[in-house]
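Presented below is the structure to which this report refers.
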Amino acid sequence: MADLFDKFDPMIKARDALGFEAASPIDVVMEEILSPTEAVIKGQRTILAGTNNYLGLTFDPRCVRAAHEALDAAGTGTTGSRVLNGTYSGHKALEAAIAGLYGTEHCLVFSTGFLANLASIGTLAGKDDVIVIDADSHASIYDACTMSGATIVRFKHNDPDDLDKRLRRLGGDARVLVVIEGLYSMLGDKAPMRELVEVKNCHGAALMVDEAHSIGVFGETGCGVAQEAGVMDQVEFMVGTFSKSVGTIGGYCVSNHPKFEILRLAARPYMFTASLPPSVVASALKAVEILGSEPQHRQKLWRNARQLHEGLSAAGFSLGAPASPVVAVKIPERATAVRLWEQLLQNGVYVNLAMPPATPQGLNLLRCSLSAAHTPEQVSTIVETFTRLARSNSVLAGSAA
Amino acid sequence: MSKTLDDIRELIAPYNKKGVPVAPQTTFATDLEWDSLTVMDFVAEMEDHFDIIIPLNLLPDLETVGQVADAVEGLVEKRNG
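The listed protein sequences derive, respectively, from chains H and G.
Take the numbering used here: the final residue in the first sequence is number 401, and no numbers are missing along the way.
Take the numbering used here: the final residue in the second sequence is number 81, and no numbers are missing along the way.
In structure tokens form, the structure reads like this:
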């Protein structure tokens, strides 16, 4: 019989053609984690500028202590589904805290952010429904659409007029769920939230906003881009993750829909997987409290984001979007992007190398994400290292000083 | 050759970087060497041109230009009732 792996031959060929020499992104090992912004990689102290650790809470003493206490009190894991033995008082407290943050009646907590999307999108829409998604949606949203069995329609990225056209063509009888993200993770561009909300209101569609990269980052109490835009009360469903600003792992979905709780029985990615371990739940709960009540972390994050954005712009780099905690540097040639990524790592700066099809418009990106825990000196070092290496690789004009 | 097919060939042209001759049996993945993102962008162009919705669910069954033309004609008919 034929080898199941034959179909991966083009992918293997493409991977090998990338020509990594000194290191490869999928083989990076964090040998020692020194802080939210530093690790030892290949024996070298390295600034972490690609971890989505936006608020730097992974080492917050309060979160760490809460996790320790829960670990001692409730053990290493729940060994069960939320609908069997896997709902502890911590899970309920975390759901209540997130519902409180968003001011919603309901919150479901899931074991990862990916599962939060699979469970909520994939269950809310069924085979007789339509899901309309932004073209640049995350893989978990695309996979959730496939899982749902719904009719899938895609609209042009961040384009309210394009959404309007598609909703109009679908007609008033369709049951439609529109799915967008608050902040898009590759380029760091924000959804035009007010305009998109206006369009979906006009057609009577339900809206889900994925705030994975925006919880903790936007809005008065860190709820995300919809809060910042002042339209949170018009968004039917909001999902997010604990693996970025919240500093651990897990996901959530909040809503005011009166029948929302039925998802606990209908959503298979909620039912058929083990619930989050008590220590994870405890640190998430503490982090949610912190991000809602301590805006200073957000302010520091934004200061760092603006410093990096301004520094790289001034050096002449072409960036993906206006300043945000995701700063994506566009590198026209793929081979140069690979080389620069390797050299950044060798020079003590870790960023994400992102390429099509994970990126839009066929872009090769050196994607940086900032943290409130970065110091201004670390941000300066990132800018200087980028600039020096880009010059020596002729990506920027000027001599390699 | 149908008007629909002619229109589709025109829409393909800007994406046909290598100038591959386009016939009904031309395939998107192999002949035109389009990746999945290019296919989805092209679908959006066709949706706007014909004022229809082409769900992404249909894409796995649309391998050739001719199959797309047939599908588009079907969707236009459906829209016109």
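A virtual CB, placed ideally from N, CA and C, is assigned to each residue, including glycine.
Predicted model only: the values in this text are computed from it and were never measured.
Residue i classed as buried or exposed, judged by whether at least 16 other C-beta atoms fall within 10 angstroms
{"i": "residue 201 of chain H", "result": "exposed"}
{"i": "residue 30 of chain G", "result": "exposed"}
{"i": "residue 29 of chain H", "result": "exposed"}
{"i": "residue 190 of chain H", "result": "buried"}
{"i": "residue 322 of chain H", "result": "exposed"}
{"i": "residue 119 of chain H", "result": "buried"}
{"i": "residue 210 of chain H", "result": "buried"}
{"i": "residue 14 of chain H", "result": "exposed"}
{"i": "residue 422 of chain H", "result": "Because chain H here runs from 1 to 401, residue 422 of chain H falls outside it and cannot be looked at."}
{"i": "residue 227 of chain H", "result": "buried"}
{"i": "residue 7 of chain H", "result": "exposed"}
{"i": "residue 20 of chain G", "result": "exposed"}
C-beta neighbour in chain H for residue i, strict 9 Å
{"i": "residue 53 of chain G", "result": "yes"}
{"i": "residue 20 of chain G", "result": "no"}
{"i": "residue 56 of chain G", "result": "yes"}
{"i": "residue 40 of chain G", "result": "yes"}
{"i": "residue 61 of chain G", "result": "no"}
{"i": "residue 91 of chain G", "result": "In the structure as shown, chain G begins at 1 and stops at 81. Residue 91 of chain G is therefore absent and cannot be evaluated."}
{"i": "residue 79 of chain G", "result": "yes"}
{"i": "residue 48 of chain G", "result": "yes"}
{"i": "residue 72 of chain G", "result": "no"}
{"i": "residue 43 of chain G", "result": "yes"}
Residues near residue i by beta carbon distance below 8 Å, same chain, minus five either side
{"i": "residue 401 of chain H", "result": "Below a pLDDT of 50, predicted positions are generally treated as unreliable, and residue 401 of chain H, at 46, falls in that range; no measurement from the model is reported."}
Neighbour flag for residue i against chain G, beta carbons, 9 Å
{"i": "residue 160 of chain H", "result": "no"}
{"i": "residue 325 of chain H", "result": "no"}
{"i": "residue 11 of chain H", "result": "no"}
{"i": "residue 386 of chain H", "result": "no"}
{"i": "residue 362 of chain H", "result": "yes"}
{"i": "residue 4 of chain H", "result": "no"}
{"i": "residue 152 of chain H", "result": "yes"}
{"i": "residue 202 of chain H", "result": "no"}
{"i": "residue 401 of chain H", "result": "Unreliable positioning characterises residue 401 of chain H in this predicted model, as indicated by a pLDDT of 46, which lies under 50. A coordinate reading is not provided."}
{"i": "residue 166 of chain H", "result": "yes"}
{"i": "residue 354 of chain H", "result": "no"}
Cβ-Cβ distance between residue i and residue j below 9 Å
{"i": "residue 50 of chain G", "j": "residue 72 of chain G", "result": "yes"}
{"i": "residue 366 of chain H", "j": "residue 352 of chain H", "result": "yes"}
{"i": "residue 13 of chain G", "j": "residue 156 of chain H", "result": "no"}
{"i": "residue 261 of chain H", "j": "residue 97 of chain H", "result": "no"}
{"i": "residue 247 of chain H", "j": "residue 101 of chain H", "result": "no"}
{"i": "residue 345 of chain H", "j": "residue 41 of chain H", "result": "yes"}
Whole-number beta carbon distance between residue j and residue i, since they are thought to touch under 8 Å
{"i": "residue 214 of chain H", "j": "residue 225 of chain H", "result": "5 Å"}
{"i": "residue 42 of chain G", "j": "residue 11 of chain G", "result": "7 Å"}
{"i": "residue 342 of chain H", "j": "residue 21 of chain H", "result": "7 Å"}
Nonlocal neighbours in the same chain, by C-beta distance under 7 Å from residue i, ignoring five residues either side
{"i": "residue 376 of chain H", "result": "307"}
{"i": "residue 64 of chain G", "result": "24, 25, 26 and 27"}
{"i": "residue 286 of chain H", "result": "62, 63 and 66"}
Cut-off 6 Å between Cβ atoms - residues of its own chain near residue i, not counting five sequence neighbours on either side
{"i": "residue 337 of chain H", "result": "331 and 364"}
{"i": "residue 273 of chain H", "result": "111"}
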